[in-house]
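Notes follow once the structure below has been shown.
Numbering (our numbering), first residue to last: 160 to 309.
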């Protein structure tokens, strides 16, 4: 679904530094999770996610991992589009209407870039806090296990 609904919007030439840095670990669904997804797909999404049933052979990825990957790919492509608009602006100086349109589009892309960067900043902060919380929870659980063994 991530590929179908999100990543298919972008060119497939994602640089390896992004794919290495922002990995998405997948986990096999349980039978209960598969039927939860089937219920959501049928009742809420009206089969928008397809007409095939989810099974325990399907995989899940963490939402935060998907968001970080997607937003970084989106940011990369917004920068690419912005460069294309800069080139278009440089070559359309004789046509004022095209120049105005290209400049407005460039402003919109720059606004989108700022919005994506802000969202990435928010997500990365929450990711750090969640990892610290999970680390503390794991550390506390380890301490409890040690204290039970004593």
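Quick reminder that beta carbons are idealized off the backbone N, C-alpha and C, glycines included.
Just so you know, these numbers come straight off a predicted model, no measurement behind them.
Residue(s) in a DSSP beta bridge with residue i
i           : result
residue 218 : 187
Residue of the options minimising C-alpha distance to residue i
i           : options               : result
residue 227 : 182, 173 and 218      : 182
residue 241 : 197, 204, 264 and 220 : 264
residue 219 : 252, 160 and 201      : 160
residue 268 : 238, 201 and 280      : 238
Cβ neighbours of residue i in the same chain (closer than 6 Å, five flanking residues each side left out)
i           : result
residue 215 : 188, 190 and 193
residue 196 : 213
residue 284 : none
Presumed contact (8 Å Cβ cut-off) between residue i and residue j, rounded CB distance
i           : j           : result
residue 169 : residue 236 : 5 Å
residue 243 : residue 184 : Contact flag wrong, Cβ pair sits at about 34 Å.
residue 275 : residue 234 : 5 Å
residue 261 : residue 248 : 5 Å
Residues near residue i in its chain [Cβ-Cβ closer than 7 Å; skip 5 each side]
i           : result
residue 270 : none
residue 251 : 257, 258 and 261
residue 177 : 231, 232 and 235
Residues near residue i by beta carbon distance below 8 Å, same chain, minus five either side
i           : result
residue 308 : Only weak support is given to the placement of residue 308: the predicted model assigns it a pLDDT of 36, under 50, and the question is left unresolved by the model.
residue 286 : 223 and 227
residue 179 : none
residue 200 : 206, 207, 208, 209 and 213
Any non-hydrogen atom of the ligand NAD within 8 Å of residue i CB
i           : result
residue 177 : As far as ligands go, the structure on display features none, and thus does not contain the ligand NAD.
The region 197-215 in contact with the region 225-243 per 3-pair CB rule at 8 Å: no
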